[in-house]
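Peer 1:
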Amino acid sequence: MHNKVGTDRRRVRSKPMAEISLHEYVKELRDLIEQGRYDEVVAHGRYILEHYPKYLEIYRVLGEAMLEAGQDDQAEDMFRRTLSGDPENYVAYAGMSVIHDRRGDLERALWYMERAFELTPENKAIRTELRRLYGRKTGVEPGRLELTRAALARVHARGGLYPRAIEEFRALLKEDPRRVDLRVALAEALWRNEQWVQAEEAALEVLDALPFCLKAHLILGEIYHRTGREEAEEHLRAAQALDPENRVAAALFEERSPLPVQEVRLPRLEYTPSEEERPAWAVAVEAPSTELDALERPIEIPAWLEEVTAGGPPPEEEAAEEEAGIEVPSWLVEEPSAEAPPPSAEEAAPEPA
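The sequence shown: position 68 = 681 (my numbering), numbered continuously.
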């Protein structure tokens with residue numbers, strides 16, 4: 614049976630309180646994760662999804678909470694859902710790497726960490742973790758990491774060298790068409806280079822693989838909005854459902870954004886756990902609970918996400934090593950010095966769960 618995250622209303626007494634913006638709410642949930650209050654994070658996350666069921670950032674936050682709590686199956690589920698709409702989310706890739714590392718699957722752990730590195734090569738924590746994984750594979754930890762071709766292509770794109778980036782993205786996709794993350798990056802590079810027709814084609818190809826990819830919807834929405842096509846509303850509406858405050862749109866389009874940043878507010882949930890409630894990770898193995906703890910009860914996942922996967926298969930080799938449990942590293946919570954804007958990778962993830 615597939616495990617999902619959630620809470621049980623029988624064990625959590627809660628009521629709405631004063632209003633709070635989504636942006637501030639997410640910041641509060643991150644603080645709760647740092648404090649180890651994982652059940653509480655799940656309760657708030659579930660509550661927010663009742664109001665905004667496609668809000669991608671909440672799936673990522675739930676994934677981080679599950680990972681820190683040692684609930685790897687649930688964390689993997691949340692990270693996959695995050696990558697289905699934001700295939701350039703370096704935290705989700707790093708989290709998936711930690712999960713596979715704990716399972717002793719070194720090849721997959723490396724594959725996911727390489728994707729995180731390509732997205733944030735300036736992130737010291739990601740570099741350190743990738744070197745550690747390489748050291749386990751070869752027996753010698755590299756002192757310096759070389760940028761992959763995909764990482765170099767992204768560097769070119771960020772530096773405004775769009776023709777060069779476009780050429781490299783296309784070459785890489787010819788070698789591996791499953792890399793939807795690179796197809797999203799290609800669509801963005803084409804859009805920034807004002808190659809509207811090719812950008813539209815690339816974005817539509819992304820949506821064929823990931824129907825709820827936020828950045829693809831934004832690129833199509835902007836192109837259609839600027840050219841007066843009626844399809845613009847459909848794509849912009851889909852994007853706003855995934856990012857209700859339009860922060861990704863503002864980062865991508867800046868002053869040209871057809872979706873200006875807005876503050877979305879909702880009542881904060883007052884979380885009051887019952888006295889006997891204990892988080893799953895605090896229960897002794899020899900004393901199982903008669904009731905499922907909050908993290909082990911299913912959350913109501915919207916049907917639109919049940920059918921969406923996040924990419925093609927990762928490395929085909931099976932890892933031979935078995936690894937003992939690894940503590941959740943603090944580096945996963947560390948934000949990079951310059952965070953890249955969301956969506957972009959058919960994360961060549963394992964087969965759909």
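The C-beta atom is built at its ideal place from N, Cα and C for all residues, glycine as well.
(1) Under three-state DSSP, which class holds R881?
(2) Would you list, in sequence order, the uninterrupted alpha helix (DSSP H) runs of no fewer than 4 residues that lie entirely inside the region 690-762?
(3) Mind checking which residues open and close the alpha helix (DSSP H) that includes V874?
(4) How many angstroms separate the CA atom of L823 from the CA atom of Q811?
(5) Taking all protein chains shown into account, decide if P700 is buried (16 or more other Cβ within 10 angstroms of its Cβ) or exposed.
(6) For I836, tell me which candidate among Q808, L635, V861 has the shortest Cα-Cα distance.
(7) Excluding five sequence neighbours on each side, which residues of the same chain lie with their C-beta closer than 7 Å to the C-beta of F866?
(8) Taking the alpha carbon of E858 as the reference point, which residue from E813, L872, L765 has its own alpha carbon closest?
(9) Where do the N-terminal and C-terminal ends of the alpha helix (DSSP H) with Q853 fall, by residue?
(10) When you compare each of L758, G752, S870 to M726 by their alpha carbons, which one comes out closest?
(11) Helix, strand or coil: which one does DSSP assign to D631?
(12) Hey, quick one: how far does the alpha helix (DSSP H) through R796 stretch, first residue to last?
(13) How many angstroms separate the CA atom of R796 from the CA atom of Y660?
(14) DSSP three-state call for P886: helix, strand or coil?
(15) For A578, collect the residues of the same chain with a Cβ closer than 6 Å to its Cβ; drop the 5 residues on either side in sequence, then sort them by chain order.
(16) How is the alpha helix (DSSP H) around L817 delimited, first residue to last?
(17) Check each candidate in L765, L669, E720 and name the one with the smallest Cα separation from L746.
(18) If we count the other Cβ atoms within 10 Å of its Cβ and call it buried at 16 or more, is K828 buried or exposed?
(19) So is V654 buried or exposed if we call it buried at 16+ other beta carbons inside 10 Å?
(20) Ignore the nearest five residues each way along the sequence and tell me which others in E695's own chain have a CB closer than 7 Å to its CB.
(21) By a C-beta neighbour count over all protein chains shown, 10 Å radius and 16 as the cutoff for buried, is R693 buried or exposed?
(22) Does any C-beta atom of chain C lie closer than 8 Å to the C-beta of R881?
(23) Quick one: Cα of P880 to Cα of L760, how far?
(24) CB-CB under 7 Å to P955, same chain, minus the five flanking residues each way: which ones, in chain order?
(25) Who are the near neighbours of A802 in its chain, counting only those whose CB is closer than 7 Å to its CB and skipping five residues on each side?
(26) Could you give the DSSP three-state label for P647: helix, strand or coil?
(27) Does the separation of the CB atoms of L799 and F825 fall below 8 Å?
(28) Where A678 and R792 are concerned, what is the direct C-alpha to C-alpha distance, given to the nearest angstrom?
(29) Could you compute how far the alpha carbon of Q875 sits from the alpha carbon of R716?
(30) Suppose you measure from the CA of P928 to the CA of A784; what does that come to, to the nearest Å?
(31) Closest by CA to S870, which one among D714, P886, L817, L833?
(32) Once you ignore the five residues that flank H664 on each side, which residues in its own chain have a CB closer than 8 Å to its CB?
(33) State yes or no: is the C-beta of M709 within less than 8 Å of the C-beta of E689?
(34) Take A766 and list the residues in its own chain whose beta-carbon comes closer than 6 Å to its own, dropping the five residues that flank it on each side.
(35) Quick check on E632: buried or exposed, where buried means 16 or more other Cβ atoms within 10 Å of its Cβ?
Peer 2: To lay it out plainly:
(1) strand
(2) 703-715, 719-732, 737-751
(3) Segment: none, V874 is in no alpha helix (DSSP H) and carries neither H nor E.
(4) Approximately 18 Å, taken between the alpha carbons.
(5) buried
(6) When Q808, L635, V861 are compared, the shortest CA-CA separation from I836 is found for Q808.
(7) Apart from the 5 residues on each side of it in sequence, F866 sits with its Cβ closer than 7 Å to the Cβ of E835 in its chain, given in chain order.
(8) L872
(9) For Q853, the enclosing alpha helix (DSSP H) covers residues 844-855.
(10) Among L758, G752, S870, the Cα nearest to that of M726 is on L758.
(11) One point to set straight first is that residue 631 is Ala, not Asp, in the sequence displayed. Correct three-state label for A631: strand.
(12) 793-805
(13) 34 Å
(14) strand
(15) Past the boundaries of the shown model lies residue 578; the chain is included only from 614 to 966, so the question cannot be answered.
(16) 809-822
(17) E720
(18) buried
(19) V654 is buried by the Cβ-count criterion.
(20) Checking the displayed sequence, the identity of residue 695 turns out to be Thr instead of Glu. Hits under 7 Å: L669, Y672, R673, G676, N702, A705.
(21) buried
(22) Looking for chain C here will not work: only one protein chain is present.
(23) P880 and L760 have their C-alpha atoms roughly 45 Å apart.
(24) Because the pLDDT of P955 is 34, which lies under 50, any placement of that residue in the model is unreliable, and the number read from its coordinates should be weighed accordingly. Here the set comprises D699, E701, N702, L827, K828, V861.
(25) A770, Y775, A778, I779, F782
(26) Going by the sequence as given, residue 647 is Glu instead of Pro. Three-state DSSP puts E647 in a helix.
(27) no
(28) Rounded to the nearest angstrom, the two C-alpha atoms are 27 Å apart.
(29) 41 Å
(30) No answer about P928 holds up, because its pLDDT of 49 lies below 50 and its placement is not dependable.
(31) Nearest option by C-alpha distance: L833.
(32) L879
(33) yes
(34) A778, E781, F782
(35) exposed
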